[in-house]
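Protein chains in written order, with UniProt numbering: chain L, 1 to 414; chain D, 1 to 621.
C-beta: ideal position from N, C-alpha, C; glycine also.
A short worksheet on the structure shown next.
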Amino acid sequence: MAAPLVLVVLAAVTVRAALYRSSLAVFIAERVEVASPLNAWKRVVEGLALLDLGVSPYSGAIFHETPLIIYLFHFLIEYAELVFMFKKQKLLIELDKYAPDVAELIQTPMEMHYIPLKVALFYLLNPYTVMSCVAKSTCAINNSVIAFFILATIKGSAFLSAVFLALATYQSLYPLTLFAPALLYLLQRQFIPIKLKSKSFWLYTMQYTSLYLCSLVVIICLSFFLLNSWDFIPSVYGFILSVPDLTPNIGLFWYFFAEMFEHFSLFFVCVFQINVFFYTIPLAIKLKEHPMFFMFVQLAIISIFKSYPTVGDIALYMAFLPVWSHLYRFLRNIFILSCVLIFCSFLFPVLWHLWIYAGSANSNFYYAITLTFNIGQILLISDYFYAFLRREYYLTHGLHLTRQDGTEAMLVLK
Amino acid sequence: MGLLSDPQCRRALGRLLLRLNTPLCVLSYLSGLAWFLLLPLLAPRTYLSENAMGSTMVGEGSDLGPRALALARDFGEHRRREGGIPVSWLSHTMFQLGLEVHSQPFARTLPFPDEAHERYLVRGTNVFGVLRAPRAASTEALLLLVPCCEGGKNEQAVGLLLALAGYCRGQIYWAKDLIFLVTEHDLLGTQAWLEGYHGVNLTAMQSGPFPGRAGAIQAALALELSSDVLTSVDVAVEGLDGQLPNLDLLNLFQSFCHKNGLLCTLQGKLPPPEGPSGPGYAQSLRTLGLMVLGQAGGAPGGPHGLFLRFRIEALTLRGINSFRQHKFDLGATLEGMFRKLNNLLERLHQSYFLYLLPSLARFVSIGSYAPARGGLLYLVPPILISGGAGAALYLWDPLYPISDPKSPCTPILTPFLSPQARGGLLYLVPPILISGGAGAALYLLPVRGQAVATQHFPVGEAEAVVLALIGIYVAGMALPHSTHRALSGGGQRGWMTLKLLALLALALLLTCLALLNFSLGFLLGVTLVPPAAAVRPGGNRLPLALLLVLTTPGLSLFMAVLLERELLEAPAGLGEAWQRFLGALGQGLLQEHLHGAHLSPLLCLGAYPCWLLLWNVLFWK
């Protein structure tokens, strides 16, 4: 187990180091698919320069990272490259431990044994991760905070889980929605029934909520004391929520808001943002017995509907795909959907070239591919969701269903 | 969604596709080809879309003929005396005409000697004069370019340029700067000037600090005149990597030709007679074919081709003396075009950027030619089902019932569902790695390894590069035999999966190319799709192997050379075609290093490995 893991890590580090030194690094760092206004390294450097000059980094319209990050980098600037590499490895090691927990009865121990390795492989050698790492996108840090949070949750440590969730929320706001799956999982681990009338349920919920809120308040106050101003609140969270930067990216926001009349934009910002948060409720009801799957779906929803998505976010939920390898035989369209995602990934730079450099295409071309890419992702997630439900059904009713007249029956989603 | 989630429906679809696979393949391929052949009939007339150039009237008053002739003679004398471009005379003359004159020296060492132009260490100087617009700040500019080639071919053009500059200096209505540029070493000089002007360094060009600038260049015309007598003008549109200028620029030129009674040709072909007729159709199709070949080649059709990458709309006009009766004066046409361009309020963007031209007066827009491409690409789903049938169906629907022995899917699916077939896909790694490696070797070795080659073999450097290219290419074809010795193949499942991967890669390549350079995508599609659909191991391999070898990208290039000579109505023998083919290989590599053309990396790293994968499938054991 350890040997292949070391091998994978070595391969991953080599690929990254080679790309860092190559001329491709600059090209990748400037790709809009990889670096968003929130996490572009260029902007972090700008913020650092302002900080060094004694100016508030948020006084310009460039920097949108949280204060803790900028102080972190203030210390780490010399080791920047190393930091980005280590993030990956940490993630790998922790996913390592948690994966077998979710593996189901049907899987043989042999298969379960390899899941952590597969997760590591999927994350470390995913071209999306490699690119966002080479671009030095701070997305890697967000991803590792979320991974720490998942690890802490699986280990059953409510305190650590709440702290890391608060950190993740503080970083990019959207992980707020992961609160529900984490709570469900911790409740399950404590064997507390999820009933609205039960006293212990409410007690534990209050406990976890207060832990989460306290750590969030502490972190935000810490940021305040570091900078001595509240500037960062509008500059980070206002920036995430109101979407003022319409640089094209792989998300759904930019084109829509670039085309829209100004006075409708508030309404539609609300409509678009609600997508991230809204699905939590139906999912929590449907998947209350399976919080880990809920977590996975929620991560995917965040990365699809967030305001400034990058390929690094997609890589995070894709790393979880091997965990659900037991659903593979129930998937309907995995072949078509992976083709769609691969083709779109190649068409992004092609259409960008046609639009920006050759001038023979326009933004509609690029947005068309963005739409296709997101539809591919949504279908992928719904395919997994449907496969999960189908598998649950088969587990209770047996694999060979018969109709009342004795012929073979089939499950159909209508 | 029913189609995607309802198993009954999907199985029915899968069965239908399997049963109708061959007819569907043939039908869509043939319909794609037929659509392409119909294009000359579907082409509407061109029209000017840009308001600023369409409705305004300009009257041309210049009569530059005698003055141009005198200046050209002077220039020729000084040039012969100095043995190169007479920088001081040119600067002096331009200065006297009232221009702001600058010169830009540049130097470039080619990666290997260029045999076609006989150059290796290139040094030259570009001279240009700027006529500052009296009516506006220097924010926008128009450019007239004359490449000054060896052998005194273009002296008349320099004369015309100087005469036009002198005339324009006297006019008061210019709202955009006019740049009059004389470059040395044709494309190299143009590249150096463009890089200097825009302050970038894309290739390893060495040039000093750029002396003076005008505004953002809106449009450019390049001029090549072979003699002082002009009977017709040939216009070249294809730029680097098949980029095309906005159709409005061509329309503008065409409308002036019409007005001044100038005889214009496209690809060296006279305009076909109007109305539906057999010879007219043949002429249009020939012109269209030449344009497709030229665009697919990715080499610029003239010095204007390098401007397009900097988002400057540009054309090359070539004056031709074919000893006809009528003689024309190009000066008035140039003046008129510049005056109309001077009226532009914004960058040319109204008309088409993606088009094909069956004649100068007609065009095929992307909307009309897309179905031809579509017809070829529609092949992809059927071939996915046919070749990687098992793999695709297996991946699509793992619970596929194979209990029914009459189902057409059973023979294809059996190898996938049999218990011993389970296991890794490790056996796919060597063919993929080797194909990719062969592509990378083909791309990197010829130029990097030329020093070694010249040490060990009695060949020149340029020959060494081309021969190494051909050598590696052919050696790649021997690889499947050596790879199979090292491992035991995955049986039927193995080749099906490999073919599936090869087809996916090919489809991806063709999709991207269809957007970037339609002609190249179309030609590659026409040649590669039939063998890709048909290839399978076992049985009689000879016809399939022959088909594959005939459609390999290298041989397609050779065929393209033959076809081009055929379309130009100057058929070449095999020997001459071979020489031209070798020349094209060398030029293709040089284009990449000198101007950053994408053709050779695309073929080496994209099409060739794809083809090698198919070749591997054929020899799968």
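For the beta strand (DSSP E) that contains residue i, what are its first and last residues?
i, result
"D:Phe180", "177-184"
"D:Gly129", "119-131"
"D:Thr265", "264-266"
"D:Arg362", "362-365"
"D:Leu357", "355-359"
For residue i, which residues of its own chain have a beta-carbon under 7 Å away from its beta-carbon, when the five flanking residues on both sides are left out?
i, result
"D:Phe95", "Val101"
"D:Phe353", "Leu244, Asn246"
"L:Lys195", "Phe201"
"D:Leu249", "Ala219, Glu313, Leu315, Leu348"
"L:Thr372", "Val340, Cys344"
"D:Phe112", "Val447, Gln450, Glu461, Ala462, Val465"
Got a sec, what are the start and stop residues for the alpha helix (DSSP H) residue i sits in?
i, result
"residue 624 of chain D", "Any answer about residue 624 of chain D is impossible in this case: the structure gives chain D only from 1 up to 621."
"D:Asp114", "Run containing D:Asp114: none in the alpha helix (DSSP H); it sits in the beta strand (DSSP E), 100-114."
"L:Phe272", "265-278"
"L:Lys42", "41-52"
"L:Leu341", "334-352"
"D:Met248", "Here residue 248 of chain D turns out to be Asp, not Met, going by the sequence shown. Note, D:Asp248: alpha helix (DSSP H), 247-260."
"D:Arg309", "It is not in any alpha helix (DSSP H) - D:Arg309 carries neither H nor E in the DSSP assignment."
"L:Val163", "158-172"
"L:Met206", "199-227"
"D:Pro66", "65-82"
"L:Tyr394", "363-397"
"L:Gln190", "First-last for L:Gln190: undefined, no H or E at that position."
"D:Asn51", "51-54"
"L:Trp254", "253-259"
"D:Ser556", "553-567"
Assuming residue i contacts residue j (C-beta within less than 8 Å), just tell me the rounded distance between them.
i, j, result
"D:Ala534", "D:Leu544", "6 Å"
"D:Thr203", "D:Leu594", "6 Å"
"L:Met131", "L:Val44", "Incorrect: roughly 17 Å between the Cβ atoms, too far for contact."
"D:Ser435", "D:Pro601", "The pair is not a contact, with the Cβ atoms about 16 Å apart (cut-off 8 Å)."
"D:Thr190", "D:Leu306", "5 Å"
"L:Tyr185", "L:Pro291", "4 Å"
"L:Ala168", "L:Ile141", "10 Å between Cβ atoms; not a contact."
"D:Thr287", "D:Ser207", "So it is not a contact: roughly 38 Å between Cβ atoms."
"D:Thr316", "D:Ala222", "4 Å"
"D:Leu99", "D:Phe180", "7 Å"
"L:Ala368", "L:Asn126", "That pair is no contact at about 25 Å."
"D:Glu564", "D:Gln350", "The pair is not a contact, with the Cβ atoms about 33 Å apart (cut-off 8 Å)."
"L:Gly251", "L:Pro309", "4 Å"
"D:Pro147", "D:Asp186", "4 Å"
"D:Leu290", "D:Leu567", "5 Å"
"D:Gln254", "D:Thr46", "7 Å"
Who pairs with residue i in a beta bridge, going by DSSP?
i, result
"D:Ala314", "D:Ala220"
"D:Cys148", "D:Glu184"
"D:Arg45", "D:Arg362"
"D:Ile320", "D:Ser232"
"D:Ala141", "D:Asp177, D:Ile217"
"D:Leu97", "DSSP lists no partner for D:Leu97."
"D:Leu225", "D:Gly319"
"D:Ser207", "D:Phe106"
"D:Lys269", "D:Leu266"
Only counting the same chain, and skipping five residues up and downstream in sequence, which positions put a Cβ closer than 6 Å to that of residue i?
i, result
"L:Leu10", "none"
"residue 429 of chain L", "Residue 429 of chain L lies beyond the residue range present for chain L, which begins at 1 and ends at 414; the question has no answer from this structure."
"D:Lys176", "Ala133, Glu140, Ala141, Leu142, Asn342"
"L:Glu78", "Residue confidence for L:Glu78 is low, a pLDDT of 39 falling below 50, so the modelled location carries little weight; the figure read from the coordinates is stated next. Closer than 6 Å at Cβ, skipping near neighbours: no residue."
Tell me which same chain residues have a C-beta within less than 8 Å of the C-beta of residue i, skipping the five on either side of it?
i, result
"D:Lys406", "Here D:Lys406 scores only 45 on pLDDT, less than 50, and its place in the model should not be relied on; the value that follows carries that caveat. None."
"D:Ile472", "Ala438, Ala441, Leu442, Leu445, Pro446"
"D:Tyr173", "Arg135, Arg339, Asn342"
"D:Ala607", "Leu509, Leu524, Leu528, Pro553"
"L:Phe63", "Arg43, Val44, Glu46, Gly47, Leu50, Pro57, Ile70, Ser235"
Whole runs of the beta strand (DSSP E) within the region 115-144 of chain L, excluding any shorter than 3 residues:
none
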